[in-house]
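Residues in the sequence shown are numbered from 3 upward in steps of one, following the numbering used here.
Where a beta carbon is used, it is the ideal one built from N, C-alpha and C, also for glycine.
Following: one structure in C-alpha cells, then a few remarks.
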Amino acid sequence: EMDEELKCPVCGSIFRDPIILPCSHNICLACARNIIVQTPEGESPHCRASRSSDYDYLDMDKMSMYSETDSGYGSFTPCLKSPNGVRVFPPAPIHRNCSITCPLCHRSVSLEERGLRGFPRNRLLEAIISRYQQSRSETVKCQLCVRNLAEATVKCEQCDVFYCAPCQQRCHPSRGPLAKHRLVPLSQAATGGSQQQAAHKLATCTEHDLENYSMYCVSCKTPVCCQCLEEGKHAAHEVKALGAMWKQHKGQLSQALNGVSEKAKDAKEFLVQLKNLLQQIQENGVEFEACLVAQCDALIDALNRQKAKLLTKVTKEREYKLKVVRDQITHCTVKLRQTTGLMEYCLEVLKENDPSGFLQISHALVKQVQLSQEQWVKGALEPKVCPEFDLSLNSEPLLQSIHQLDFIQVKFPPAPVLQLEECGTCNNSATLAWKILAFSHSPVEGYVLELDDGNGGQYREVYVGKETLCTLDGLHFNSSYNARVKAYNASGAGPYSKTVVLKTSDVAWFTFDPSSAHRDIVLSNENQAVSCSSYDDRVVLGTAAFSKGVHYWELTIDRYDNHPDPAFGVARINVIKDMMLGKDDKAWAMYVDNNRSWFMHNNSHTNRAEGGIMQGSTVGILLDLNQHTLSFYINKQQHGPVAFENLDGVYMPAVSLNRNVQVS
C-alpha cells in the first residue's frame, strides 16, 4: 500500500537519490536533470504562466516540459515521454538561467549557482526505501510460477510484478516494447539501499559540504549549519536547536497521524460496511428476481386459469348452437317427408277419373292438405340460432395493464438506526433518537416507537409520529426496558431497528419543575425551594413521574406566615395550576393549616385529622402504587392512608401554596 508514496512522479519507479524541491515534493536526482529547461534572459519562472498562451501548441515539436495537459513554458526542443507520462528533455548545460518545475504542483524554481546540489537529499526517504526493498526481497516469491514458487530475483517497476530468472526470460524479455521497462534486481536493491543508508548517515549542509546540520531555520523551514548562520542567507532568520525542533515536529506528526489513524479506522469500517452492502445488494437482487419471477408466473397461471374458464364457456355455447340446429334439422326433415308424401298422394288422386270416388275423399283430403300447410307457419323455415357467437372478450384493459406493469417507486422504508450516543435515561425518563440512512430513497411518513413493560413482556406502541427524538416519562424505577422503532409509509411498515436496552435509576430523585409551574411560582436553591408571588394558591410539580412501586419524599416548611393552608400530594401533568391542589379531578392532596389537615380530591374534603404545621415542620408523602394508597406524615405523625380510586397513569409530586409559605 506504500508503493505509490515511494515512486518518482517523473519516471514512475522507486526513488533513486531523491531530492526535496522547495514545494516539499520529491524527485529522483537523475529525473531532475531531465526536466531542467532554460529560462529566457530577464524572465523569472513565475512570469511564464502568464505568457503560456503566447506560444503555438499546434506544432507537435512544441511540447510542454511537464505533461501533455500542462500550460507552462513551451520548449522547441524535441523531447521524449517518460514511462509516467512526464515530458523529459535531452541533457542541457546547467547555468544561472535554468529552472526546474515540480511535475506534481507545477511550481517552478530557478537553479542557483550550485544547481541541483542546492536541493537537499531526502535521506529519510532513502532509508525507508532501503528497509522496504530489503523486506520485500526477503519474502517475495515469483508471481508467475505455477507450481513450485521460486524466489523472485527482479522486479519490473512499470509492471509492478516480481519475476524469477526463468519467468523473466520467458515472460518479460528485455527487448521489443519491454526493452524500456526497468528491471530492478532485488538483492542489488537491498544491498545498494543499505550502502546508501550507511553513506548518508551523517548529513552535511548543501551549502557548506564540510559542515553538519546543527540548527533549524524557522523562516525557511530547513536545517542549517553554523556557517549558514554566520555568513549565509539565514543569518537574520529565526533559528532553533535542531534536536528540539526534531522532537517538536515528531510530536506534531504523531498528533496528525492520530487523526489520520482515526479516519483510516473509520474508512476500514466503512469499507466493511460497503462490502456487507455489496453482499446484501447481491442477495436482495437474487431474492427480488425470484420474487418477480414468482409474481409473473402467478399472473400467467391466473391468465391460464381464466383462459380455461373462457374456453369452457365457448365450448358450451358451441354445443348448444349445434344441438339446436341438429334438432331443427331433424324436425324439419320429418315434416318435409310428411308433406312430400301427402303431395305425391294428392297428385295420384287427381289423376283418377272417378268423380264419386274423388268426392268421397276430397273433403277430408283438402283439410289434410290445409293442415299440412298450416304446419309451415312463419319462422318455421328460419334458423333458431345464428352462426356467430354472441360473446366478446374485451382484453384491451388487461393488455393496457400489462403494458403499464412496472415497479412502483414507493416501497417499505428500511429499518431506522438508533443514535446510541443520544439515547439515555434520567431518573425514570428515557430519551431515544434515531435516523434513516442517507442512501435510502424510500419515503418515510412516520415512525412507531415500541417499548416493553420493563420485565421482558410484550411490546406496546408508545409513540407514533414524524419526529426522530422522543422522551418517555413515568417509567418504572430500577427497571430495564427494551425499545425498538420502525418506519412506515403508504406501502406499510418496514423492519424494526436493533433493540436498545434502557436502564432507569434505582432510586427516584427530583426537584421542582420550572417548565410546568404556574408563572407566579418562584423557585430558588437550584429548584429545590419554592415560594409564590401571589396571595392565591398556585401549583408546582416535581420533575419525577411515578407509575409503579412505593415512593416516599419529605418537604420542609421554611417559612409559614399568617396561617395559610398549603397542600401536598400528587397530580397528573395536566392538573389546573391556578387553584389549590386537589380541587380538580387531576390531583390527590392533603391541605393543612396550623391546627389540622384534610384530604381533598375533586373538591371533596375528607379524612380530617388533628395536627398542623409551623415553620420548620416536615411533611412526608408516601405513595404506594402497589397497595393503591396515599399517606401523609406531619412531623413523623401519620395522617391517612387514603385509598386511590384512579389507579392507571403517571403521577408527579405536587405542591400548592401562596406567598405566605416557602417549602423545600
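TODO: Note the first and the last residue of the continuous beta strand (DSSP E) segment covering R462.
DONE: Counting from 1 along the sequence shown, the entry for residue 462 is found at position 460. Unbroken beta strand (DSSP E) run through R462: R462 to G467.
Open item on the list: Within a Cβ cutoff of 6 Å, which residues of the same chain sit near G622, ignoring the five residues on either side of it in sequence?
Closed with: Here the question's residue 622 lines up with position 620 in the sequence shown. Excluding sequence neighbours, G622 sits near E556 and Y635.
TODO: Take the Cβ of R50 as the centre, count every other Cβ of all protein chains shown within 10 Å, and call the residue buried at 16 or more, exposed below.
DONE: Along the sequence shown, one-based indexing puts residue 50 at 48. Only weak support exists for where R50 lies, its pLDDT of 44 falling under 50; the value from the coordinates is given anyway. Buried is the call here.
- [ ] Quickly, what does DSSP pair C30 with across the bridge? List them, please.
- [x] In the sequence shown, counting from the first residue as 1, residue 30 sits at position 28. C30 pairs with P20.
Task: Through-space distance from P568 to D595, alpha-carbon basis - done: The count along the sequence shown starts at 1 and reaches residue 595 at position 593. The count along the sequence shown starts at 1 and reaches residue 568 at position 566. Approximately 7 Å between the Cα atoms of the pair.
Open item on the list: Let me make sure I understand the geometry here. Which of F164, C158 and E159 has the alpha-carbon closest to that of L151?
Closed with: To locate residue 151, count along the sequence shown from 1; it is residue 149. If we check each option's Cα against that of L151, F164 comes out closest.
Open item on the list: Within 10 Å of its beta-carbon, does L583 have 16 or more other beta-carbons around it, so buried, or fewer, so exposed?
Closed with: Looking up residue 583 in the sequence shown gives position 581. Looking at its Cβ environment, which holds 16 or more other Cβ atoms inside 10 Å, L583 is buried.
Task: Segment limits, beta strand (DSSP E) that includes V665 - done: The residue given as residue 665 occupies position 663 in the sequence shown. Element bounds for V665: V663 to V665.
- [ ] Sort S137, I29 and S15 by Cα distance to I21 and report the nearest one.
- [x] The sequence position of residue 21 within the sequence shown is 19, counting from 1. Checking every option, the nearest Cα to that of I21 belongs to I29.
Task: Strand pairing of N430, partner residues [DSSP] - done: Here residue 430 refers to the residue found at position 428 of the sequence shown. Looking at the DSSP assignment, N430 forms no beta bridge with any residue, so it has no partner.
Open item on the list: Could you compute how far the alpha carbon of E350 sits from the alpha carbon of V371?
Closed with: For the purposes of this step, residue 350 is taken as residue 348 along the sequence shown, with counting starting at 1. For the purposes of this step, residue 371 is taken as residue 369 along the sequence shown, with counting starting at 1. Cα to Cα, E350 sits roughly 14 Å from V371.
Open item on the list: Please return the same chain residues whose Cβ sits closer than 7 Å to the Cβ of V326, not counting the five positions on each side in sequence.
Closed with: Residue 326 sits at position 324 when you count from the first residue of the sequence shown. Closer than 7 Å at Cβ, skipping near neighbours: K386 and V387.
Task: Closest Cα partner of L383 within the set H333, D356 and L352 - done: On the sequence shown, position 381 is the one that residue 383 refers to. When only C-alpha atoms are compared, the closest one is H333.
TODO: Specify, as a first and last residue, the run of the alpha helix (DSSP H) that F290 falls within.
DONE: In the sequence shown, counting from the first residue as 1, residue 290 sits at position 288. Start and end: L244 to K353.
TODO: To the nearest angstrom, report how far apart C227 and D19 are at their CA atoms.
DONE: Against the sequence shown, residue 227 aligns to sequence position 225. Against the sequence shown, residue 19 aligns to sequence position 17. Between C227 and D19, the C-alpha separation is close to 22 Å.
Open item on the list: Check this for me: beta carbons of S518 and F414, under 8 Å apart or not?
Closed with: For the purposes of this step, residue 518 is identified with residue 516 of the sequence shown, where counting begins at 1. For the purposes of this step, residue 414 is identified with residue 412 of the sequence shown, where counting begins at 1. In this structure, F414 does not lie closer than 8 Å to S518 by Cβ.
TODO: With DSSP collapsed to three states, give me the class of Y635.
DONE: Counting from 1 along the sequence shown, the entry for residue 635 is found at position 633. Y635: strand per DSSP, three-state reduction.
Open item on the list: So, with DSSP's three-state summary, where would you put N36?
Closed with: Reading the sequence shown from its first residue, position 34 is the one you call residue 36. In the structure shown, N36 sits in a helix (DSSP, three-state: H, G or I).
Task: Exposed unless 16 or more other CB atoms sit within 10 angstroms - verdict on P11 - done: Here residue 11 is taken as the residue at index 9 of the sequence shown, counted from 1. It counts as buried.
Open item on the list: Give me the residue from P445, V379 and A510 with the minimum Cα distance to A495.
Closed with: Reading the sequence shown from its first residue, position 493 is the one you call residue 495. Comparing Cα-Cα distances from A495 to each of P445, V379 and A510, the minimum goes to P445.
Open item on the list: Is it buried or exposed, E209, if we count other Cβ atoms within 10 angstroms and call 16 or more buried?
Closed with: Walking along the sequence shown from the start, residue 209 turns up at place 207. Flag for E209 reads buried.
Task: Nearest-angstrom Cβ-Cβ length linking K1 and M217, presumed shorter than 8 Å - done: Not covered by the structure: residue 1. The range shown for the chain is 3 to 666.
Task: Which of helix, strand or coil DSSP assigns to R119 - done: For the purposes of this step, residue 119 is identified with residue 117 of the sequence shown, where counting begins at 1. Helix, per DSSP.
Open item on the list: Considering only the alpha carbon of each residue, which of G613, K323 and D408 lies closest to F391?
Closed with: Counting from 1 along the sequence shown, the entry for residue 391 is found at position 389. Nearest C-alpha to F391: K323.
TODO: Return the CA-CA distance between N260 and C472, expressed in angstroms with no decimal places.
DONE: Taking the sequence shown and counting its residues from 1, the one referred to as residue 260 is at position 258. Taking the sequence shown and counting its residues from 1, the one referred to as residue 472 is at position 470. Cα to Cα, the separation comes out at about 36 Å.
Open item on the list: Judging by CA-CA distance, which residue of S536, H520, D538 and W511 is the nearest neighbour of Q530?
Closed with: Mapped onto the sequence shown, residue 530 falls at position 528. Of S536, H520, D538 and W511, the residue nearest in Cα terms is W511.
- [ ] On a CA-only basis, which of R339, T224 and K585 is nearest K235? Give me that one, please.
- [x] Counting from one through the sequence shown, the residue named residue 235 turns up at place 233. Closest by alpha carbon: T224.
TODO: Would you identify the three-state DSSP class for I623, choosing helix, strand or coil?
DONE: Position 621 of the sequence shown, counted from the first residue, corresponds to residue 623. In this structure, I623 counts as strand in the three-state DSSP scheme.
Open item on the list: Pop quiz: P655 and A485 are said to be a contact at Cβ under 8 Å. What is the actual Cβ separation, rounded to whole angstroms?
Closed with: Walking along the sequence shown from the start, residue 655 turns up at place 653. Walking along the sequence shown from the start, residue 485 turns up at place 483. Wrong, their Cβ atoms sit about 26 Å apart, outside the cutoff.
Task: R328 to Q340 span [Cα, whole Å] - done: Position 326 of the sequence shown, counting from 1, holds the residue named residue 328. Position 338 of the sequence shown, counting from 1, holds the residue named residue 340. Near 19 Å, if we compare the C-alpha coordinates of Q340 and R328.
Task: Where G359 falls: helix, strand or coil (DSSP) - done: Position 357 of the sequence shown, counting from 1, holds the residue named residue 359. Helix, per DSSP.
Task: L407 - containing beta strand (DSSP E), residue span - done: Within the sequence shown, numbered from 1, the residue matching residue 407 stands at position 405. First-last for L407: undefined, no H or E at that position.
TODO: Have a look at N430 and V552 and give me their C-alpha separation to the nearest angstrom.
DONE: Sequence index remark: in the sequence shown, residue 430 carries index 428 (1-based). Sequence index remark: in the sequence shown, residue 552 carries index 550 (1-based). N430 and V552: Cα-Cα distance of roughly 14 Å.
Task: Rounded separation between E452 and H478 - CA only - done: The sequence position of residue 452 within the sequence shown is 450, counting from 1. The sequence position of residue 478 within the sequence shown is 476, counting from 1. C-alpha separation (whole angstroms): 16 Å.
- [ ] Measure the C-alpha to C-alpha separation of L294 and D303 and round it to an integer number of angstroms.
- [x] By one-based count along the sequence shown, residue 294 stands at place 292. By one-based count along the sequence shown, residue 303 stands at place 301. Roughly 14 Å separates the two Cα atoms.
Task: Minimum C-alpha distance to E6 - residue among C147, Y134 and N457 - done: Working through the sequence shown from its first residue, we reach residue 6 at position 4. Per the Cα distances, Y134.
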